[in-house]
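In my numbering, the protein residues as written are 3 to 274.
Just below is one structure, and these are the notes that go with it.
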Ligand SMILES: [Zn+2]
């Protein structure tokens, strides 16, 4: 007899992450989404992959994920409900053998579907996996200070990154490659999904101006840690932005000292 997938470590950790994100105010109403690329051992003790509940459409083909499993949060589902009712709010899918559709194997029990940002998620998984075979998680949220910062800061990747690094010393250590920034675009479209995927070739963190932030990682903890570190930097920026007594922050010379002490590789143009 198979165990119940809702009691699996993956679904438990996903619920715990969703609770944390909701508690921090990052995921109001149905804002935000999470997907996780799974390995066979995460799925097969619980699920018979030949038992397909129904097929779900994919706007873009992903042949490189043929036969791979993902869990993803559902479109319109409230983050505050995920841990209490994962079978309704989350779905387990297997990408079809031709990469054009996905088979729902568990979840979305009220007839629902995965997040409308699924193209962005699968595109991000594809690009991050090419950079790091241990990559597993894509997490999107609406952290308040990060969005606020895009209202008053230039959307230039180098300048946005440098400002975050200048806010607190840990920022450059946690994301030495910087943050990607996309200008405002209509969300949930294949266009923003594909533009985002391009950014994930270079970055683990992507800011969508006036919308939110998407992070990636080898685990839920790692992705969450990136999001909360960006949000911490943005929080400090918002608190001091209009303060006439603000200091120059951590200047380039100090950042270079941190980079040297932590043996960080910093891209050309970010500190000179
Ligand atoms: Zn969003």
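Note that beta-carbon positions come from the ideal geometry of N, C-alpha and C, so glycine has one too.
All of these numbers come straight from a predicted model, not from anything done at the bench.
With contacts defined by Cβ atoms closer than 8 Å, residue 188 and residue 157 do not form a contacting pair. Residue 186 counts as exposed, since fewer than 16 other beta carbons sit within 10 angstroms of its beta carbon.
Here residue 80 carries a coil assignment [DSSP, helix/strand/coil]. Secondary structure note for residue 125: its alpha helix (DSSP H) is the uninterrupted segment 120-133. Nearest to residue 23 by C-alpha distance, out of 225, 267 and 135, is 225. Here residue 28 is not bridged, per DSSP, to any residue. In the structure shown, the three-state DSSP call for residue 91 is helix. The region 153-173 makes no contact with the region 79-89: fewer than 3 CB pairs, one atom from each, lie closer than 8 Å.
Between residue 139 and residue 222, the CB-CB gap stays under 8 Å. A heavy atom of ligand 1 is found nearer than 7 Å to the CB of residue 144. Taking the Cβ atoms as the reference, residue 232 lies roughly 6 Å from residue 148, within the contact range of under 8 Å.
In the DSSP assignment, residue 187 falls outside any alpha helix (DSSP H), carrying neither H nor E. For the 8 Å CB-CB criterion, residue 110 and residue 49 do not form a contact. Annotation for residue 189 indicates a beta carbon within 7 Å of some heavy atom of ligand 1. A contact is defined here as three or more CB-CB pairs under 8 Å, and the region 170-183 fails this definition with respect to the region 111-118. Our two residues, residue 240 and residue 204, have alpha carbons roughly 26 Å apart in a direct line.
Where residue 167 is concerned, the enclosing alpha helix (DSSP H) starts and stops at 159-169.
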